[in-house]
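Data block below; observations after.
Protein chains in written order, with the numbering used here: chain L, 1 to 617; chain Y, 1 to 251; chain D, 1 to 151.
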């Protein structure tokens, strides 16, 4: 590959690249996204490599490891192009059959294709699978098509066309204007209008400005940014190039969690490629515009997702947020004007430039334009990443795309927005999802985590979970957040241990209000949401914990009681081996006994019993 | 635009803005903090982590004020928020008082024996906290004044904040005797709750795990300060160290 | 102290105070902890107070002031993992290894940690050993997985 010497050179290169490529080329794409990697996609890819070699198909069939293919519930996923046949739950043992039947003889392997959860009907083609049919991918569009490590693949999909466009025909003002007109809002949580942020920074005094990509995706339950950084890293880089041109920055940082080693690796690789081919560096394609990027690895602190804390972290300090003003767009990194947007926001930018702000603004609702990626997880049948237009209802997302609740259970709540969000009950299932509507029901969009819960989840436990997460992650700088979280967690613990009092609920509500008003940064201001929303919609569950000392969902351990049914116990001793405190005793092949005094209610016996002899109430 | 908020901005910045505090229209120099502007005009705003010689960080959140117009108002800490032309500020609205009461009640639960917290809480009618106290002997409110004084005024940075929320504390590196410490005691003097222990006995000051011999005055023989501190002064001023071995009274 | 080893790390940077976190990350990755003597050298070379290094080293979760084991086990306690057995998985690891989360086994083979979210939520509960992910990890698979890493 050459170094692009001019803007026309890039266009010519793409033309030749596309001319060389055969649209009918057989391709096997093994998903190596966040959902498939832990299920063994590397082994599946290796099996394909071996089998293709063995069958002499090397060079005839292209094998790629792609980014996230969406429907994580059925990992490991494989998509065969150009026919777009989706195979799921593929193991290395299935590979010879796929190669033989589909690649060599054009037949579909029925047992590996999608099966609808309710009807059981089988579907082979991606476009017909309901999970994909209801989506409108912009950010995720390329993830199951390209090899994330190939710049050619990105270019073939129209990559860096947006960069070429702004450098040939748009002024920085025109770029900002386009982003403003598109209605794009920050996808990281706050939902601040991206164009307005850029304009403030563009207009701020000073020669040196920075842009930052916030890839510190910390919300538990959200993994879209990881999927984009791993699956389409050049889209982030191109978005940042466009942003840098617009605001006049020559240097940028991508701040990535160290817990995402593959994202770090892929971004590093992509930055290297972009430099090599003259897409990053000084005087890019002889346009006079120069920009370069550096990766800053996070060191493990959720609060660094807050932009002022993130800036301090890049500067080499602890990640304590600062009071605003000044806002980063006025005085950010090293005190200089800085724009921070998150991964998904940046990845939207090239498409807005390519297809125009009007195209983007036509998608979504009045105040929330475009699409949003959600990570749909928890008690749904079809967990995975979905990208839908803003305004799609929760019901559509959970029941049409997600295929309903697993094991035909009843829907109980959906938690959106991570630790800053809330739990939404079933009366709001028809709520069209956008920034404002989620806020109106006491939750937030956040970065797009959507955790579905059924009757097996206890809402007091969920609230306590988020509070304890935040207590661990709060920087401890300001009093309301630091001490408020400590006390809130204590009160929830009292309730969970059966020591709760009715007065605790009112005290918690009072504390929630003060924390929201008086905390320094977003972490503390929104920390009360998980408590407030569950208190509002599931107050009865709190009351049951307090009055009856019972956890209806059988989750809160101190309120549970385990026992072994002597009728069904076979004396296999599986539970005895698991019990960490030695509370279960008895002879082999005889019914076992559980000592209530010793029992720590961990439930390991319950899980290990194959005969359902361990009972819980 | 000036972003550095200081308490003494009268000389450097002459431009003034007009804002409203508790319904009274008044002038303040641009760049000044709301806290200073309000106090200058006689409004009473309590603080715990603010000191006029140190940069404000907004840690204690006691100096909260409500800004903006109903219904779009919010609480900000006045020690870091700069005055703005036309800004509407309330220093004692219901929202402010609720926030302030809660902050004090939380601090009282953390440090039930801290006199200054008790007094401020009593002023707001709080004599007992409804929250749980982990350690009844705890006195540190984590205001960070000691850390800032050591870093910004003394210039040695011998102590810092360590860990985060569950175990956050003021500490020396590795919790060992602080190598950088000069024994000046600024941290202990500035501490609003008197939690930093130091002793002086037989010409030796002990603080942060180290013993600092006190320097007697070459003339009168009274102890001046730790020798290490005088040497530090000599180093930063470039004066001969003997210059500092004579106390103020004998110079 | 191995001066050469530390110099190799420091030579990758320009010696700015802003390089503090990347330098500490490299030390953590290579030494499996942040040794005190090395940190004192870093303070001098980057011209930052030791207090700042100590506050950074205790603020961020990836740093440790005591040596960690050969393998890092990170059990995800993200929301989905929490709801789908993450805490039990944690206990199972803890029980098998005989250490509490945050600690290292006596033979220095394993360090057990919890992590806020690994981003593989669809496969909850998830754990990561070094750079490898394990999804849908029922507690009964724990002994088998540990065996893979034992020597």
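Think of the CB as a built atom: it goes at the ideal place given N, C-alpha and C, for glycine as much as any other residue. Just so it is clear, the structure is predicted and the values come from calculations on it, not from any experiment.
Proximity of residue i and residue j at Cβ, strictly below 8 angstroms
| i | j | result |
| --- | --- | --- |
| residue 492/L | residue 460/L | yes |
| residue 129/L | residue 114/L | yes |
| residue 68/D | residue 32/D | yes |
| residue 380/L | residue 363/L | no |
| residue 82/Y | residue 42/Y | no |
| residue 103/Y | residue 65/Y | no |
| residue 676/L | residue 354/L | Beyond the ends of chain L as shown, which are 1 and 617, falls residue 676/L; an answer cannot be given. |
| residue 613/L | residue 569/L | yes |
| residue 486/L | residue 471/L | yes |
| residue 138/D | residue 73/D | no |
| residue 252/L | residue 295/L | no |
| residue 141/Y | residue 48/Y | yes |
| residue 38/Y | residue 45/Y | yes |
| residue 58/Y | residue 323/L | yes |
| residue 151/Y | residue 59/D | no |
| residue 87/L | residue 112/L | yes |
| residue 216/L | residue 298/L | yes |
Candidates the options: closest to residue i by CA position
| i | options | result |
| --- | --- | --- |
| residue 158/L | 235/L, 242/L, 536/L and 404/L | 235/L |
| residue 574/L | 596/L, 15/L and 611/L | 611/L |
| residue 145/Y | 135/Y, 84/Y, 136/Y and 160/Y | 160/Y |
| residue 583/L | 604/L, 383/L, 327/L and 589/L | 604/L |
| residue 34/D | 53/D, 70/D, 44/D and 49/D | 53/D |
| residue 221/Y | 232/Y, 246/Y, 151/Y and 234/Y | 246/Y |
| residue 25/Y | 60/Y, 59/Y, 86/Y and 195/Y | 86/Y |
| residue 135/D | 124/D, 7/D and 104/D | 124/D |
| residue 210/L | 240/L, 160/L, 365/L and 538/L | 240/L |
| residue 176/Y | 45/Y, 213/Y, 84/Y and 162/Y | 162/Y |
| residue 168/Y | 366/L, 481/L and 540/L | 481/L |
| residue 286/L | 598/L, 156/L, 42/L and 4/L | 4/L |
| residue 174/L | 245/L, 237/L and 107/L | 245/L |
| residue 44/D | 148/D, 20/D, 130/D and 116/D | 20/D |
| residue 46/L | 262/L, 96/L, 288/L and 121/L | 96/L |
With 16 other Cβ atoms within 10 Å as the buried cut-off, status of residue i
| i | result |
| --- | --- |
| residue 360/L | buried |
| residue 18/Y | exposed |
| residue 4/Y | In this prediction, residue 4/Y has a pLDDT of 46, which is less than 50 and means its spatial position is unreliable; what the coordinates show is noted afterwards. It is exposed - the Cβ of residue 4/Y has fewer than 16 other Cβ atoms within 10 Å. |
| residue 14/L | buried |
| residue 66/D | exposed |
| residue 131/Y | buried |
| residue 127/Y | exposed |
| residue 50/Y | buried |
| residue 443/L | buried |
| residue 71/D | buried |
| residue 9/Y | With a pLDDT of only 46 at residue 9/Y, under 50, the local geometry of the prediction cannot be trusted, and no value is derived from it. |
| residue 242/Y | exposed |
| residue 103/L | buried |
| residue 11/Y | Below a pLDDT of 50, predicted positions are generally treated as unreliable, and residue 11/Y, at 47, falls in that range; the measurement from the model is reported next regardless. Answer is exposed; the Cβ neighbour count stays below 16. |
| residue 588/L | exposed |
Any non-hydrogen atom of the ligand NAD closer than 7 angstroms to residue i Cβ
| i | result |
| --- | --- |
| residue 566/L | Questions concerning the ligand NAD fall outside what the structure shown contains, since it holds no ligand whatsoever. |
### Message
Any C-beta of chain L within less than 7 angstroms: which residues of the region 54-73 of chain D qualify?
### Response
55, 56, 59, 60, 61, 62 and 63
### Task
Name, going along the chain, the residues of the region 42-53 of chain D whose beta-carbon falls closer than 8 angstroms to a beta-carbon of chain Y.
49, 50, 51, 52 and 53
### Query
Can you find at least 3 beta carbon pairs, one from the region 135-152 of chain L and one from the region 384-395 of chain L, that sit closer than 8 angstroms?
yes
### Query
When Cβ atoms are compared, which residues of the region 113-127 of chain Y fall closer than 7 angstroms to chain L?
none
### Query
On the three-pair Cβ rule with 8 angstroms, is the region 179-188 of chain L touching the region 77-90 of chain D?
Verdict: no, contact absent.
### Task
Please name the residues in the region 209-220 of chain L whose beta-carbon is closer than 7 angstroms to at least one beta-carbon of chain Y, in chain order.
none
### the region 222-237 of chain L contacting the region 362-375 of chain L, beta-carbon criterion three pairs below 8 angstroms
yes
### Query
Listed in chain order, which residues of the region 331-361 of chain L have Cβ atoms closer than 7 angstroms to some Cβ of chain D?
none
### Task
For the region 465-490 of chain L, enumerate the residues whose C-beta is nearer than 9 angstroms to any C-beta of chain Y, in chain order.
470, 471, 472, 473, 474, 475, 476, 477, 478, 479, 480, 481, 482, 483, 484, 485, 486, 487 and 490
### Message
To be precise: take each residue of the region 95-124 of chain D, compare its Cβ to all Cβ atoms of chain L, and keep it if any distance is under 8 angstroms. Which residues remain?
### Response
From the region 95-124 of chain D, only 95, 115, 116, 117, 118, 119, 120, 121, 122, 123 and 124 have a Cβ closer than 8 angstroms to chain L.
### Interface positions of the region 19-34 of chain D facing chain L (Cβ-Cβ less than 8 angstroms), listed along the chain
Hits within the stretch, in order: 19, 20, 21, 22, 24 and 25.
### Message
At a CB distance below 9 angstroms, what residues from the region 503-517 of chain L approach chain Y? Give them in sequence order.
### Response
503, 507, 510, 511, 513, 514, 515 and 517
### Query
Can you find at least 3 beta carbon pairs, one from the region 434-443 of chain L and one from the region 396-403 of chain L, that sit closer than 8 angstroms?
Output reads no: the region 396-403 of chain L does not touch the region 434-443 of chain L.
### Task
Could you please tell me which residues of the region 213-245 of chain Y, in chain order, have their CB closer than 7 angstroms to any CB of chain L?
none
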